[in-house]
Each structure stands twice: as structure tokens, then as C-alpha cells.
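See below for the structure under consideration.
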Amino acid sequence: MHKVMIRFRIVKNGDIIETALDERLSFNDNFVMLREISNVELNRFEIYDPHKKIFLDRNIPLHSFGFNGFVLLHVFN
229 MHKVMIRFRI
239 VKNGDIIETA
249 LDERLSFNDN
259 FVMLREISNV
269 ELNRFEIYDP
279 HKKIFLDRNI
289 PLHSFGFNGF
299 VLLHVFN
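Sequential numbering of the sequence shown, starting at 229, is according to my numbering.
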């Protein structure tokens, strides 16, 4: 399977979004599909990895980040 389980924590309001994304696609591509099936809008947010302490590039395939297991990422507006 080409999926990675991700929990997004929206920092501004504390909301949590849990989803499976296709690791062959970028965050931008995954967010387009997510919006189509669930009306969740994440396109204008910055994504932060609290373990690596970096903001992630939204335009490269997710497998490039080397995520293992269930991942927690912070989302900033």
C-alpha cells in the first residue's frame, strides 16, 4: 500500500484531523483529493514536523520525508 497515516493538529483552534494520504503524492495533491471527499481545506496552511523541527515542503512526494507509522504534524495558518 502507498499510504501514510497522518494526524494534523490545527494549532490555531486545536482541531485534529486524522487521515490516510498517498505517499506517492505531495501534500498539495493529497489536499486536493481530501477537499473533494470531505470538504476539509488545508491548502493555505503551513505544515510543521515537531520531531524534525522544520516546515515541510508541500510540493514533493510524501515518501521523501521518510514517515514511519502514524505521524503527527502541526498545521499553521
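All C-beta atoms in this analysis are idealised placements derived from N, C-alpha and C, irrespective of residue type, glycine included.
All of these numbers come straight from a predicted model, not from anything done at the bench.
Q: Hey, could you find the ends of the beta strand (DSSP E) residue 350 is sitting in?
A: Only positions 229 to 305 of the chain appear in the structure, and residue 350 is not among them; the question remains open.
Q) Would residue 262 pass as a contact of residue 275 if the rule is Cβ separation under 8 Å? A) Here residue 262 corresponds to residue number 34 of the sequence shown, with the count starting at 1. Here residue 275 corresponds to residue number 47 of the sequence shown, with the count starting at 1. No, the pair does not count as a contact, with Cβ atoms beyond the cut-off.
Q) Closest to residue 281 by CA distance: which of 302, 266, 270 and 271 is it? A) Counting from 1 along the sequence shown, the entry for residue 281 is found at position 53. Nearest of 302, 266, 270 and 271 to residue 281, Cα basis: 302.
Q. Leaving out five residues before and five after residue 249 in sequence, what residues of the same chain have Cβ atoms less than 7 Å from its Cβ?
A. Numbered from 1 along the sequence shown, position 21 holds the residue referred to as residue 249. 231, 232, 234, 258 and 290, listed in sequence order.
Q) When the distance is taken between beta carbons, is residue 241 closer than 8 Å to residue 322? A) The shown model of the chain, from 229 to 305, leaves out residue 322, and the question about it has no answer.
Q | Whole-Å CB distance - residue 245 paired with residue 268, under 8 Å assumed | A | Indexing the sequence shown from 1 puts residue 245 at position 17. Indexing the sequence shown from 1 puts residue 268 at position 40. Yes, they are in contact, since the Cβ atoms of residue 245 and residue 268 sit about 6 Å apart, within 8 Å.
Q | Of the listed residues 237, 266 and 253, nearest to residue 293 (C-alpha basis) | A | Translated into the one-based positions of the sequence shown, residue 293 becomes position 65. Nearest C-alpha to residue 293: 253.
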